[in-house]
Amino acid sequence: MQDPEFHKADSGASTTYPTQCSSLRKNGHVVLKGRPCKIVEMSTSKTGKHGHAKVHMVGIDIFTGKKYEDICPSTHNMDVPNVTRLDYQLVGLEDGYMSLLKDNGEQKEDLKLPISDLGKEIQNKFDAGESFMVTIQTAMCEEAAVGTKVLNEGKQDGCEPGEKHRRDCFSAR
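Just so we're aligned: the sequence shown equals residues 1 to 173 in full-length UniProt numbering.
Next up, the structure:
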């Protein structure tokens, strides 16, 4: 008999939630080897004479791009990370850190500029004086910039003057 499994939450929300392995899907998220991954490949083996059907998963770490694999019985639970994506307006760059403006007007200054093509794109757009949003992805107490969005021309903060702020005021690039 297997011991019961307990999931402990930190202050407020948990960083993961359990989901049965058989209900996971390609392009979804899962925790593999302790890392938040996007599932890029899945295959299920048939049940044998003994045991359960097995699910083979291949995932790419959403922060590092590293490939992870795992095999689990289809009836067992796997942890799925709570992944969020939020857009912030870039207002400054200093010493390799981005100064981002939240929707509520607070500044977020604890996120490093990525050392990738995206980091170069952000630096070049900032140097050119463009107004744009940076998309920040968060999962399992980690966060990183994953994209940019251009603010619509002639609109302050992407919305018409006097209009309430809405997410769809911004056009994706």
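By construction, the Cβ of each residue, glycine as well, lies at the ideal position given by its N, Cα and C atoms.
Where residue i falls: helix, strand or coil (DSSP)
i, result
"Gly119", "helix"
"residue 180", "Past the boundaries of the shown model lies residue 180; the chain is included only from 1 to 173, so the question cannot be answered."
"Lys125", "helix"
"Ser43", "strand"
"Thr19", "strand"
"Ala53", "coil"
"Thr135", "strand"
"Lys108", "strand"
Short Cβ contact (8 Å threshold) for residue i with residue j
i, j, result
"Leu93", "Phe126", "yes"
"Gln60", "Lys38", "The question names Gln, yet the displayed sequence has Ile at residue 60. Result yes, Cβ atoms of Ile60 and Lys38 sit closer than 8 Å."
"Asn104", "Tyr17", "no"
"Thr135", "Gly147", "yes"
"Pro36", "Ala139", "yes"
"Thr19", "Met98", "no"
"Thr75", "Ser14", "no"
Buried/exposed call for residue i, threshold 16 Cβ in 10 Å
i, result
"Ile62", "buried"
"Ser11", "Any reading at Ser11 needs caution, since the residue's pLDDT is 49, under 50, leaving its predicted position unreliable; the model's value is listed next. Result: exposed."
"Ile115", "exposed"
"Val30", "buried"
Segment limits, beta strand (DSSP E) that includes residue i
i, result
"Val150", "Glu142 to Val150"
"Arg85", "Thr84 to Glu94"
"Ser99", "Tyr97 to Leu101"
Touch test, the segment 65-72 against the segment 85-92, Cβ-Cβ under 8 Å, three pairs minimum:
These segments do not touch.
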